[in-house]
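Top to bottom, those sequences are chains Z and U.
Per numbering that gives the first Met the number 0, the very first residue in the first sequence carries number 0; after that it's consecutive.
Per numbering that gives the first Met the number 0, the very first residue in the second sequence carries number 0; after that it's consecutive.
Remarks on the structure that follows.
Protein chains: 2
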Amino acid sequence: MTALAVDMNQMGVAAKAAARRLAGSDTATRNGALEAIARGLEAGVAEILSANEQDIAGARSSGMDEHVIDRMILNKDRVQSMADACRTIAALPDPVREVLEDRTLPNGLELQRVRVPLGVLGVIYESRPNVTIDISALCLKSGNGVILRGGKEAFNTNAVLAQIARTAIESVGLPANCIQFVESTDRALVGEMLKMDRYIDLLIPRGSAELVRFVGENATMPAVTGGVGVCHTYIDAAADLDKALRIVLNAKVERPTVCNAMDTLLVHSSVAGKFLPELAKEFGVSGVEMRADSRAMAALKGIAQGQRVVPARSDDFGTEFLALIAAVKVVDTMDEAMDHIAEYGSGHSEAIITEDEAAAEQFLAEVDAAAVFANTSTYFNDGGQFGLGAEVAISTSKLHARGPMGLREIMTYKWVVRGDGQVRE
Amino acid sequence: MTALAVDMNQMGVAAKAAARRLAGSDTATRNGALEAIARGLEAGVAEILSANEQDIAGARSSGMDEHVIDRMILNKDRVQSMADACRTIAALPDPVREVLEDRTLPNGLELQRVRVPLGVLGVIYESRPNVTIDISALCLKSGNGVILRGGKEAFNTNAVLAQIARTAIESVGLPANCIQFVESTDRALVGEMLKMDRYIDLLIPRGSAELVRFVGENATMPAVTGGVGVCHTYIDAAADLDKALRIVLNAKVERPTVCNAMDTLLVHSSVAGKFLPELAKEFGVSGVEMRADSRAMAALKGIAQGQRVVPARSDDFGTEFLALIAAVKVVDTMDEAMDHIAEYGSGHSEAIITEDEAAAEQFLAEVDAAAVFANTSTYFNDGGQFGLGAEVAISTSKLHARGPMGLREIMTYKWVVRGDGQVRE
Chain Z
0 MTALAVDMNQ MGVAAKAAAR RLAGSDTATR NGALEAIARG LEAGVAEILS
50 ANEQDIAGAR SSGMDEHVID RMILNKDRVQ SMADACRTIA ALPDPVREVL
100 EDRTLPNGLE LQRVRVPLGV LGVIYESRPN VTIDISALCL KSGNGVILRG
150 GKEAFNTNAV LAQIARTAIE SVGLPANCIQ FVESTDRALV GEMLKMDRYI
200 DLLIPRGSAE LVRFVGENAT MPAVTGGVGV CHTYIDAAAD LDKALRIVLN
250 AKVERPTVCN AMDTLLVHSS VAGKFLPELA KEFGVSGVEM RADSRAMAAL
300 KGIAQGQRVV PARSDDFGTE FLALIAAVKV VDTMDEAMDH IAEYGSGHSE
350 AIITEDEAAA EQFLAEVDAA AVFANTSTYF NDGGQFGLGA EVAISTSKLH
400 ARGPMGLREI MTYKWVVRGD GQVRE
Chain U
0 MTALAVDMNQ MGVAAKAAAR RLAGSDTATR NGALEAIARG LEAGVAEILS
50 ANEQDIAGAR SSGMDEHVID RMILNKDRVQ SMADACRTIA ALPDPVREVL
100 EDRTLPNGLE LQRVRVPLGV LGVIYESRPN VTIDISALCL KSGNGVILRG
150 GKEAFNTNAV LAQIARTAIE SVGLPANCIQ FVESTDRALV GEMLKMDRYI
200 DLLIPRGSAE LVRFVGENAT MPAVTGGVGV CHTYIDAAAD LDKALRIVLN
250 AKVERPTVCN AMDTLLVHSS VAGKFLPELA KEFGVSGVEM RADSRAMAAL
300 KGIAQGQRVV PARSDDFGTE FLALIAAVKV VDTMDEAMDH IAEYGSGHSE
350 AIITEDEAAA EQFLAEVDAA AVFANTSTYF NDGGQFGLGA EVAISTSKLH
400 ARGPMGLREI MTYKWVVRGD GQVRE
């Protein structure tokens with residue numbers, strides 16, 4: 000075995016020690032650190048952009064896909080957005096040591112349930128360098144230490160951003176090791192990180208479905224399950240078809256590469272004949288390919304030639320496309336739609352469009368997903384939209400956190416009991 | 000491969016279907032089911048006790064330890080306690096569909112966070128047959144289906160209890176398969192159960208540390224980590240030694256076989272010379288063996304011959320004794336005590352005894368455990384004591400639930416969004 004470039008174990012020990020001090024720090028110090036990072040970013044724009052140019056040049060020369068490169072590119076505005084994000088997070092109420100329950104037991108014991116940091120988070124992410132700052136800021140605010148492992152394509156940018164954050168937090172008297180960045184692109188270090196359950200309390204994978212799956216299967220510590228959204232929108236018999244059209248277009252076209260975009264459209268047979276041709280026309284304008292089951296194909300027969308409409312294969316249902324593609328299926332009842340969702344959905348975001356309030360309420364109650372929507376777009380499933388301030392991930396797990404994960408969701412609680420000599424008989 | 004006696008997959012499918020109906024049922028129906036179980040137990044006492052006698056006879060003839068047999072024994076009073084527990088749980092507020100957050104977003108969307116059942120729980124337990132009823136009752140109340148796998152030593156008793164529960168819930172119109180009992184003692188079925196992540200949302204092991212570890216390492220679905228409590232009590236320099244004596248005795252002697260019993264006593268050097276000899280006398284009366292480090296041995300020198308005091312081996316620290324044994328160590332500072340707890344504790348229950356309020360607050364803030372105590376006994380870490388109504392387990396995980404797990408802790412939430420055609424730009 001050859002020696003690794005970085006001693007991950009040592010990083011773990013340092014993270015635990017720093018996190019313990021961070022957890023005990025006061026609100027003003029942690030908010031001061033966030034402000035210091037914001038200023039550090041503003042002062043360091045030239046250095047950041049120069050490191051970023053180096054990464055972009057490297058990515059281009061290695062023949063990387065232009066849309067991946069696009070996600071990596073920073074400019075003055077994007078750096079300013081990172082600084083602004085730090086200030087936004089600083090302005091949120093302090094969640095550390097928030098008292099969630101407080102009561103005096105009959106024997107006089109004072110019982111409290113208090114929100115506390117998890118300890119140390121590990122984050123394995125790809126391409127987008129703003130993750131370095133966004134997650135660092137959320138961890139600082141919530142009192143968690145963090146070990147960051149960014150993608151190799153943005154290594155120089157991430158290293159500069161992490162160094163700016165470390166310098167900033169040290170300037171307010173907190174240990175720099177509250178934030179650590181793995182200073183190597185050696186892939187073996189990811190494997191090491193997944194074994195560090197002694198030091199890392201929660202692992203967050205941010206990137207492709209493949210990365211999320213790999214982390215989930217190999218991490219020895221709890222890991223966030225998420226990112227994969229096979230999202231359905233069901234157009235009920237009682238739908239307002241104008242609203243339906245607007246919502247489906249929003250859920251599919253506005254940002255097709257995100258996890259909350261619509262993948263499969265389910266349409267009640269009584270409205271399919273009217274709705275699907277209208278939708279096909281709009282989808283045609285936006286360049287969306289429809290993969291239609293046989294009944295949807297029949298409804299689209301007249302116009303199928305002009306638009307991108309192809310027969311669905313069975314594996315199109317249950318696929319997260321992350322592209323301008325939608326699977327389309329005609330159903331005869333809402334139950335059939337809900338059964339389809341139960342079988343093919345990933346528990347992320349599911350929507351119904353209907354003016355029948357009873358049907359909407361039944362769908363919202365019975366469909367089992369992180370977020371369920373009536374008469375609106377699955378694209379709203381987002382920490383910012385839900386008012387959580389920011390998000391580290393969207394969880395499709397049912398344990399701990401479900402849906403957008405903000406500050407509270409990277410924290411835990413403990414029971415604090417104050418007595419005066421009480422014993423239990 | 001030989002065929003297994005029970006088709007676990009079929010049980011999983013049935014559990015999911017039943018749980019979906021249970022989740023949609025109303026408060027009165029679920030509480031009615033609990034009352035029906037209570038009546039079924041009262042009416043079935045003779046049948047229950049006869050099955051129990053069969054189990055006890057089998058256990059005795061197989062040479063089982065008498066204290067394990069003791070845990071299995073039922074009598075009229077113990078059956079009545081199970082019926083009472085059902086009625087107590089029925090009287091608790093309904094947690095299903097409880098609205099945890101409710102707000103209208105600036106765009107008019109109505110956003111709610113709603114408490115919902117996890118789905119299906121799997122429970123693998125040993126010896127105590129009351130678990131069959133207690134967990135079934137908590138699952139019913141919380142809208143979760145459950146698959147029960149009890150120990151082979153109490154198989155007949157558990158089978159009768161589960162049948163009574165199934166008949167009862169069917170009598171109020173709920174599917175009997177909300178509660179299923181694995182009707183075989185084949186150990187291979189436990190392995191099957193651990194692979195059923197498609198059907199079981201959370202696995203709860205109730206029994207030995209070995210069982211908990213085995214489940215944690217082999218389950219494909221989330222499993223409760225808990226049960227193992229290496230609990231410390233630290234006697235500070237500023238402790239009231241009378242209180243300290245009373246609390247330490249309670250934490251060690253009252254019920255030494257439970258996870259919240261004290262394992263290691265840490266004593267500040269300035270009070271060790273006075274406190275330890277007094278404690279040794281009391282421990283002598285109660286039959287507690289002290290395993291003392293060299294400084295504690297020195298403090299106990301004069302009386303060491305008369306009492307059960309032996310030198311500690313290094314592995315006594317970090318051991319959960321579950322017996323009348325305590326490791327004892329002298330420390331020079333509270334920091335040294337907290338470092339010892341950080342290294343050897345299992346994150347379960349940790350206590351400080353001191354009249355110095357600042358010291359107490361620092362200990363409560365910095366020690367990382369499910370429950371931390373000042374001037375009282377770790378034996379209080381219990382769902383009933385904390386007012387949760389009942390508990391399925393005590394979790395030492397930091398994710399999802401920490402400490403006693405009651406109804407809320409076997410549930411999740413979902414985001415419900417009601418709109419009127421809103422789309423996201």
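Virtual Cβ for every residue (Gly too), placed ideally from N, Cα, C.
Boundaries of the alpha helix (DSSP H) around G272 (chain Z): S268 to S285.
T26 (chain U) and G405 (chain U) have their C-alpha atoms spaced approximately 18 Å apart.
Looking at the backbone, the Cα of K300 (chain Z) and that of L278 (chain Z) are separated by about 13 Å. Taking the CA atoms as reference points, R401 (chain Z) sits about 19 Å from A218 (chain Z).
For I393 (chain U), same chain residues with a beta-carbon under 8 Å away, outside a window of 5 residues either side, are G225, G226, G228, C258, N259, H347, A369, N380, D381, G382, G402, P403 and M404 in chain order.
Taking a C-beta distance under 8 Å as the contact criterion, L201 (chain Z) and L137 (chain Z) do not qualify as a contact pair.
Taking a C-beta distance under 8 Å as the contact criterion, I146 (chain Z) and V214 (chain Z) do not qualify as a contact pair. A buried status is given to G418 (chain Z), since no fewer than 16 other beta-carbon atoms sit within 10 Å of its beta-carbon. For V371 (chain U) and I47 (chain U), the gap between their C-alpha atoms comes out near 40 Å. If you draw a straight line from the Cα of R197 (chain U) to the Cα of K75 (chain U), it is about 39 Å long.
In the three-state reduction of the DSSP assignment, Y378 (chain Z) falls in the helix class, which pools H, G and I.
For G23 (chain U), the chain Z residues whose C-beta falls within less than 9 Å of its own C-beta are Q361, A364 and E365, listed in chain order.
Between L48 (chain Z) and chain U, the shortest Cβ-Cβ separation is not below 8 Å. If you check the CB distance, I234 (chain Z) and I352 (chain Z) come in under 8 Å.
Each residue's CA atom was taken as its position, placing V366 (chain Z) and D331 (chain Z) some 17 Å apart. The beta carbons of I178 (chain U) and A164 (chain U) sit about 5 Å from each other, so the pair counts as a contact at 8 Å. Listed in chain order, the alpha helix (DSSP H) runs fully inside the region 300-375 of chain Z are 333-343 and 356-365, counting runs of at least 4 residues.
Cβ neighbours of A208 (chain Z) within its own chain (closer than 6 Å, five residues either side excluded): V227. Listed as beta-bridge partners of P116 (chain Z) by DSSP are Z:M410. What K413 (chain Z) touches in chain U, judged by beta-carbon distance under 8 Å, is D367, A368, A369, A370, V371, R401 and G402, going in chain order.
At a Cβ-Cβ threshold of 8 Å, G150 (chain Z) and S170 (chain Z) do not count as neighbours. G420 (chain Z) belongs to the set of residues whose beta carbon lies under 8 Å from a beta carbon in chain U.
The shortest CA-to-CA distance from D292 (chain Z) to any of Z:A311, Z:R102 and Z:A82 is the one to Z:A311. In terms of CA proximity to L110 (chain U), U:L99 leads the group U:S376, U:L99 and U:P116. The beta carbon of L108 (chain U) lies closer than 8 Å to those of V416, R417, G418 and Q421 in the same chain, with the five residues before and after it left out. Inclusion of M410 (chain U) and L117 (chain U) in the CB contact set at 8 Å is warranted, their separation being smaller than that value. Judged by their CB atoms, V95 (chain U) and Y412 (chain U) are not nearer to each other than the 8 Å cut-off. The CB of Q384 (chain U) comes closer than 8 Å to the CB of L104 and R423 in chain Z, given here in chain order.
Among the CB atoms of chain Z, none fall inside 8 Å of the CB of T184 (chain U).
When DSSP assignments are scanned along the region 37-117 of chain Z, the uninterrupted stretches of beta strand (DSSP E) that are 3 or more residues long and fall wholly within it turn out to be 98-103 and 109-116. Boundaries around Q9 (chain U) are those of the alpha helix (DSSP H), M7 to A22, since no beta strand (DSSP E) includes it. Scanning chain Z for C-beta atoms nearer than 8 Å to the C-beta of P94 (chain U) yields nothing, as the closest lies near 15 Å away.
Nearest Cα to D69 (chain U) within the set U:N51, U:T263 and U:L265: U:N51. For a Cβ distance threshold of 9 Å, residue set G418, Q421, V422 and R423 of chain U lies close to S376 (chain Z), ordered along the chain. L264 (chain Z) sits close to V327 (chain Z), with the two beta carbons spaced by under 8 Å. Residues I123 and R148 of the same chain have their beta carbon placed closer than 7 Å to that of V189 (chain Z), with the five preceding and five following residues left out of the count.
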